[in-house]
Amino acid sequence: MGMTNMERQNRNHSFKLNRRDFVKLAGAGAGMAALPMALHAKTLPNRPPNIIVILADDMGFGDLACQNPESKIPTPNLDRLAHAGMRFSDAHAPTAVCTPTRYSILTGRYCWRSQLKSSVLWPWDAPLIDEGRLTLGGMLQKQGYRTACIGKWHLGWDWPTTDGSRVNDQIPIGDFNRKTRDPFAQKIDFTRPIPGGPTTRGFDYYFGDDVPNFPPYCFIENDKTIGTLDTILPARPFSWTGPAVKDWKLEAVMPALTQKAVDYIKAKPGEKPFNKAKDRPFFLYFPLTAPHTPIAPTDEFKGKSQAGAYGDYVYEVDWTVGRIMDALRESGQDENTIVIFTSDNGSPARDGTDMNGEPKSVLRYGHNPSHIYRGIKTMAWDGGHRVPFIAQWPGQIRENSVNNETVCLVDLMATCAALANCQLPNNAAEDSYNLLPVLLGNDHQTPLREATIHHSYNGIFAIRQGPWKLILGKGGGGWNVGETTDDSEIQLYNMKEDPSEKRNIYREHPDVVEHLTQLLEKYKTEGRSVPER
């Protein structure tokens, strides 16, 4: 993807910045440069729309054929979704790994403000979202929505044990420590309800397998495991050994989740287990388990891409999106449903060897999930967190439109609040901006976001404002596989002129470094990046 003519015209040169100049510069080239949008204000329907958020797991910006001409993976349903709605070229997960992004989506708050400062949750960790914090699901519940989470949770539970202990009595949340976690599984009583999960954090209904490569290897419905966990599965092809139901098949997970989501959409009033109420809108948070490892496409999709098992699994994700759109159309709900598709972070680019593969191994097929962007999952470079983001809402979001505004998945909460006509309190969604004006094509003169913070697996901070991106740390802050880096603890890139982050120009622009460093510290110390409401 090269620069557009507008991007070339908006190249910025070295100059001394004051605050007014910087804000003016930060807005240069923002907005809908790739396709002009209607500039009149739209009015929303009287009835709030149904909302579906489909969150792929470890899917890269460059996996979609509609935004990477060199992609080796067919994505016809996602391409169709993009043609029917708006595709964002500069959308970002708030961090380069999964748990923190999920936290941010459901709270509207950067995860590094929580007790998890780096890494992810590991098996048996406690809930990360504090009890009492307003969540996306809880907010919509208060507005009369039915809410469901179907898929990967990965935000912790209060696992019941035979002696009342918790794994975090011994080790901090997010501490990898296998020696403590593996034997702890023997204490868990899987016959008892599991508190602290999705149904206590804003969802009326939950069905999923929590984390596909972590125990327990079974489905969980609401707060109970399904089946008897009388088998121990090995660490490979999973990440961890642990209890499982007999004959657990990884290939069956994505089809089962897809069918459950379809059933939820098409459920009739009063139909169990969804308890669907007549004339109430629904919110479906659908976090997929693919194409994350273990990479396990079904036979139907094997060999259908030119990017090995990984590409086949991405193709299965595309099939899932098609099933969701078919279910909406067949149930007559497509006109009043906004569908958002995105990913929790960039791809690690594993080829799927033994359901895994080394990071970047899929590049041997000539396919790069990061497209032109540097790095992969875990990294502060854009390949770690620039993600696909597509939104469709018939009659409201302009078809076949491309938006170049910098947006972040933490913005979903404020956006959904606007869709549901809800006023957020100041002690919630502290980092979430409302994207609805952009989605509806309404005129705005400046970028919606003042700036966006990125965060790596190792806890390195980066901040982006306009074309400028500052990384405060050496390397990418994650799995620096095949990356040549200098020894600098400061990195500054002009993303308009250098989207692949090849040239560190921090020495040439000390004023920009100073400004962005101060802005980052301001966001940290004030506990919010969104102005008080």
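Under the numbering used here, the residue at position 45 of the sequence shown is numbered 848, and the numbers go up by one with no gaps.
Even for Gly, the Cβ is constructed at its ideal location relative to N, Cα and C.
Residue i, buried or exposed, once every other Cβ within 10 Å from all chains shown has been counted against 16
i: Gly1011; result: buried
i: Asn1171; result: buried
i: Gly1114; result: buried
i: Gly1186; result: buried
i: Pro1218; result: The question names Pro, yet the displayed sequence has Thr at residue 1218. Label assigned to Thr1218: buried.
i: Leu1238; result: buried
i: Leu1322; result: buried
i: Pro1250; result: buried
i: Val1065; result: buried
i: Leu847; result: exposed
i: Asn1159; result: buried
i: Arg823; result: Caution applies to Arg823, whose pLDDT of 41 falls short of 50 and renders its modelled position unreliable; the value that the coordinates give is listed next. So Arg823 ends up on the exposed side.
i: Asn1261; result: buried
i: Ala1152; result: buried
i: Ile1068; result: buried
i: Ser968; result: exposed
i: Thr950; result: buried
i: Lys955; result: buried
i: Ala1080; result: exposed
i: Lys1027; result: exposed
i: Arg1310; result: exposed
i: Ile997; result: buried
Three-state secondary structure assigned by DSSP to residue i
i: Cys1021; result: coil
i: Arg1205; result: It is worth fixing the name first, because residue 1205 is Val in this sequence and not Arg. Correct three-state label for Val1205: strand.
i: Asp1301; result: coil
i: Ile1068; result: helix
i: Phe891; result: strand
i: Trp915; result: helix
i: Thr938; result: coil
i: Val1210; result: strand
i: Asp1007; result: coil
i: Ala1110; result: coil
i: Leu958; result: coil
i: Val1284; result: coil
i: Leu1087; result: strand
i: Asp1338; result: Only positions 804 to 1336 of the chain appear in the structure, and residue 1338 is not among them; the question remains open.
i: Ile1127; result: helix
i: Gln944; result: helix
i: Cys952; result: strand
i: Lys1027; result: strand
i: Arg883; result: helix
i: Tyr1309; result: helix
i: Gln1294; result: strand
i: Trp1051; result: coil
The beta strand (DSSP E) enclosing residue i, as first and last residue numbers
i: Asn853; result: 853–859
i: Pro1046; result: 1045–1047
i: Leu1036; result: 1034–1036
i: Ser1146; result: 1140–1146
i: Ile1256; result: 1255–1258
i: Ala1194; result: 1192–1195
i: Gln1268; result: 1264–1268
i: Trp1184; result: Unbroken run through Trp1184: none, as it is neither H nor E.
Residue-level contact to chain C via CB, residue i, 7 Å cutoff
i: Arg1306; result: Here there is only one protein chain, and chain C is not present.
Candidates the options: closest to residue i by CA position
i: Gly1149; options: Val1117, Gly1135, Pro852, Val1065; result: Val1117
i: Val1190; options: Arg912, Leu1212, Lys1049; result: Leu1212
i: Arg1177; options: Gly863, Thr1249, Pro1072, Thr1156; result: Gly863
i: Asn980; options: Trp925, Gly1005, Ser917; result: Trp925
i: Lys1305; options: Asp1314, Gly1278, Lys1325, Lys875; result: Gly1278
i: Lys1049; options: Trp1043, Asp1033, Thr1101; result: Asp1033
i: Thr1181; options: Asp1157, Pro1313, Val1284; result: Val1284
i: Glu1286; options: Val1315, Thr1320, Gln1199, Pro1162; result: Pro1162
i: Asp1289; options: Asn1307, Thr1123, Thr1320; result: Asn1307
i: Ile855; options: Gln870, Cys952, Gly947, Leu919; result: Cys952
i: Pro1097; options: Thr1002, Gln1109, Asp1154, Thr1140; result: Asp1154
i: Gly865; options: Leu881, Pro851, Arg850, Pro852; result: Leu881
i: Ser922; options: Ile1263, Pro1334, Leu1319; result: Ile1263
i: Pro986; options: Val970, Gly1281, Tyr1236; result: Val970
i: Ser1134; options: Lys875, Ala1070, Leu1166, Gly1111; result: Ala1070
Element boundaries [alpha helix (DSSP H), containing residue i]
i: Ala1220; result: 1215–1222
i: His1318; result: 1313–1329
i: Thr902; result: 901–910
i: Lys982; result: 981–987
i: Leu1242; result: 1239–1242
Taking contact to mean at least 3 C-beta pairs separated by less than 8 Å, is the segment 1010–1022 in contact with the segment 1052–1059? At 8 Å Cβ cutoff, the stretches touch.
For the 8 Å Cβ check, are there 3 or more pairs between the segment 1282–1298 and the segment 958–969? By the criterion of at least three beta-carbon pairs nearer than 8 Å, the segment 1282–1298 is not in contact with the segment 958–969.
Say whether the segment 1124–1139 touches the segment 1155–1173, bearing in mind that this needs 3 or more beta-carbon pairs closer than 8 Å, one atom from each stretch. Result no; under three Cβ-Cβ pairs closer than 8 Å.
So, do the segment 1145–1163 and the segment 1219–1232 have three or more beta carbon pairs nearer to each other than 8 Å? These segments do not touch.
Is the segment 893–901 touching the segment 1198–1216 in the sense that three or more CB pairs, one from each, lie closer than 8 Å? Touching, yes.
Flag this pair as touching only if the segment 931–948 and the segment 994–1008 have three or more C-beta atom pairs under 8 Å; answer yes or no. A contact is defined here as three or more CB-CB pairs under 8 Å, and the segment 931–948 meets this definition with respect to the segment 994–1008.
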